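If you read the sequence shown in the working numbering, its first letter stands for residue 4, the second for the next number, and so on.
Cβ coordinates follow ideal geometry from the N, Cα and C atoms, glycine included.
Being a predicted model, the structure only gives us computed values, none of them experimental.
This report concerns only the one structure given below.
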Amino acid sequence: MPTTNRRVLTLDEFTIREMRAFPQATGELSGLLRDIGLAAKRINVEVNKAGLVDILGDAGKQNVQGEDVKKLDEFANDQMVGVLRHGISCAGIASEELSDFVPFEDKISSQSKYVCMFDPLDGSSNIDVNVSIGTIFSVYRRVTECGIPVTVKDFLQPGNRIVASGYVIYGSSTILVYATKRGVNGFTLDPSIGEFCLSHPDIRCPENGNIYSINHGNFFSFSEGLKKYVELCQTRDKSNGGPYTQRYIGSMVSDVHRGLIKGGIFMYPPTAAKPQGKLRLLYECNPLAYLIEKAGGRATDSKQRILDKVPTKLHERTGFFIGSTKMMDELESFLKEDEEKK
Ligand code: AHM
Ligand code: MG
Numbered sequence: 004m005p006t007t008n009r010r011v012l013t014l015d016e017f018t019i020r021e022m023r024a025f026p027q028a029t030g031e032l033s034g035l036l037r038d039i040g041l042a043a044k045r046i047n048v049e050v051n052k053a054g055l056v057d058i059l060g061d062a063g064k065q066n067v068q069g070e071d072v073k074k075l076d077e078f079a080n081d082q083m084v085g086v087l088r089h090g091i092s093c094a095g096i097a098s099e100e101l102s103d104f105v106p107f108e109d110k111i112s113s114q115s116k117y118v119c120m121f122d123p124l125d126g127s128s129n130i131d132v133n134v135s136i137g138t139i140f141s142v143y144r145r146v147t148e149c150g151i152p153v154t155v156k157d158f159l160q161p162g163n164r165i166v167a168s169g170y171v172i173y174g175s176s177t178i179l180v181y182a183t184k185r186g187v188n189g190f191t192l193d194p195s196i197g198e199f200c201l202s203h204p205d206i207r208c209p210e211n212g213n214i215y216s217i218n219h220g221n222f223f224s225f226s227e228g229l230k231k232y233v234e235l236c237q238t239r240d241k242s243n244g245g246p247y248t249q250r251y252i253g254s255m256v257s258d259v260h261r262g263l264i265k266g267g268i269f270m271y272p273p274t275a276a277k278p279q280g281k282l283r284l285l286y287e288c289n290p291l292a293y294l295i296e297k298a299g300g301r302a303t304d305s306k307q308r309i310l311d312k313v314p315t316k317l318h319e320r321t322g323f324f325i326g327s328t329k330m331m332d333e334l335e336s337f338l339k340e341d342e343e344k345k
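Here it is in structure tokens:
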């Protein structure tokens with residue numbers, strides 16, 4: 004019979020160990036992360052059998068952003084809402100798939116000090132073609148007092164107030180990466196025991212890299228500065244690490260994860276079709292920006308730090324640039340030119 008390897012730390016063991024570093028901690032945050040881990044395991048099971056059951060394809064509806072909703076999106080959303088509603092650590096949620104936030108009004112949940120925001124399945128256009136997709140989440144301390152239903156104020160907080168954020172990627176393996184002020188750690192799902200096990204302790208984003216990630220199809224609607232930066236990526240000489248490699252999965256969570264591990268930059272600027280940008284500040288950009296900063300990288304909207312943006316509505320979109328600090332510095336020197344020309 005195989006013996007358990009006690010050198011492996013599970014997600015639950017890790018979060019409890021982290022909690023012990025704070026004698027005043029109530030365990031609510033560890034509970035919440037455990038709930039998210041549970042939802043992720045259930046989503047993972049469905050993602051893995053997506054080709055086998057009648058879960059592929061559009062659900063025949065559009066979400067609040069006017070985009071097609073896939074069945075798996077709905078399933079993932081239901082799992083996230085379900086575990087958080089029935090857990091004891093979350094007072095309310097907001098989701099990319101729902102038009103409005105949802106307060107959890109039962110006695111236990113409404114006493115909780117945390118709210119959670121998520122994109123239940125990022126990169127969903129990739130579901131039908133077996134490409135990695137993921138769940139992105141962030142946790143904030145509510146600003147209203149505990150005991151009453153949460154309000155929109157609890158959700159419209161800048162990213163610099165995040166308590167924890169992270170993502171799960173359903174890929175060649177399933178990995179959950181999360182950040183708190185204590186750092187960034189990654190846990191790979193061991194399917195034989197159904198547990199997320201610490202596989203990437205204390206992740207640091209390399210200062211520099213040679214992979215850039217952007218949808219080149221939009222090239223002609225990029226700003227002049229951005230066009231020049233992209234051209235530099237392609238033409239820089241060998242002694243300067245060039246030419247850079249271009250990679251674009253179309254699931255931001257996977258593109259950003261690659262940058263976190265290998266070094267790199269991911270860019271989704273405003274385009275002619277999406278003048279405010281495509282990606283959502285609250286569900287997609289803030290959680291990844293918090294995580295990359297905790298790992299030593301940076302994220303901006305080209306004018307300011309993503310985490311300092313004060314949101315005005317739940318489904319707000321933004322331009323997004325994220326990655327290794329040296330690459331971000333260079334990119335910003337080009338984007339500055341655009342600002343100076345205005
Ligand atoms: P989604 O949340 O509807 O899946 O959309 C977000 C995704 C990102 O993961 C990805 O980087 C981007 O949209 C791809 O968009 P495009 O096809 O315009 O390049
Ligand atoms: Mg998304």
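P314 and L291 do not touch by the CB rule: their CB atoms are close to 15 Å apart, not below 8 Å. Look at the segment 246-285 and you find these whole runs of beta strand (DSSP E), each 3 residues long or longer: 268-271. In this structure, DSSP gives S336 a helical state, which the three-state scheme calls helix. Rounded to the nearest angstrom, the gap between the Cα atoms of K345 and R261 is 34 Å. Relative to ligand 2, E100 has its C-beta separated by 7 Å or more from all heavy atoms. A residue is called buried once 16 or more other Cβ atoms fall within 10 Å of its Cβ, and V132, having fewer, is exposed.
DSSP places V155 outside any alpha helix (DSSP H), giving it a letter other than H or E. The secondary-structure analysis by DSSP pairs S216 across a beta bridge with F269.
A distance below 7 Å between beta-carbons, with the five flanking residues on each side excluded, links G244 to the following residues of its chain, in chain order: N213. Ordered along the chain, residues surrounding ligand 1 are D125, G126, S127, N218, G253, S254, M255 [Cβ under 5 Å from any heavy atom]. Under DSSP, F223 shares a beta bridge with no residue. At a cut-off of 7 Å, the beta-carbon of E198 does not count as near ligand 2: no heavy atom of the ligand is closer than that.
Distance from the C-beta of D122 to the nearest heavy atom of ligand 2 is below 7 Å.
Just so you know, the alpha carbons of M120 and F107 end up roughly 13 Å apart. Cβ-Cβ distances below 8 Å link F337 to G228, L229, K231, Y232, L235 in the same chain, with the five nearest sequence neighbours on each side left out; the list follows chain order. By the neighbour-count definition (other C-beta atoms within 10 Å, threshold 16), F25 is an exposed residue.
If the five residues before and after E21 are omitted, its C-beta is found closer than 8 Å to the C-beta atoms of S33, T183, R185, all from its own chain and listed in chain order. Cβ contact annotation for D193 (same chain, cutoff 6 Å, sequence separation greater than five): C200, in chain order. The shortest C-alpha to C-alpha distance from R207 to any of Y215, N188, T248, Q160 is the one to N188. E287 has its CB nearer than 7 Å to a heavy atom of ligand 2.
Judged by DSSP in its simplified three-state form, H318 adopts coil rather than helix or strand. The beta carbon of G95 sits closer than 7 Å to those of F104, V105, P106, F107, V118, V153, D157, all from its chain and outside the five residues before and after it, given in chain order.
Between the alpha carbons of N221 and F269 lies a gap of roughly 14 Å. Closest by C-alpha distance to A28, out of N211, Q307, V166, S242, is V166. In the three-state reduction of the DSSP assignment, T29 falls in the coil class, being assigned neither a helical nor a strand state.
Bounds of any alpha helix (DSSP H) do not take in V180; it lies within the beta strand (DSSP E) bounded by 177-183. About 16 Å separates the beta carbon of I309 from that of G169, a gap too long to meet the 8 Å contact definition. A residue is called buried when at least 16 other Cβ atoms come within 10 angstroms of its Cβ; E210 does not meet this threshold and is exposed. The straight-line gap separating the alpha-carbon atoms of K312 and Y247 is approximately 30 Å. In the assembly as shown, C288 is a buried residue. Its beta-carbon has 16 or more other beta-carbons within 10 Å. For I325, the beta-bridge partners assigned by DSSP are F269, A302. Beta-bridge partners of L201 (DSSP): F190. For the 8 Å CB-CB criterion, D125 and I136 form a contact.
Out of Q160, L334, D240, the CA that lies nearest to the CA of Y215 is found in L334. Judged by DSSP in its simplified three-state form, R239 adopts coil rather than helix or strand.
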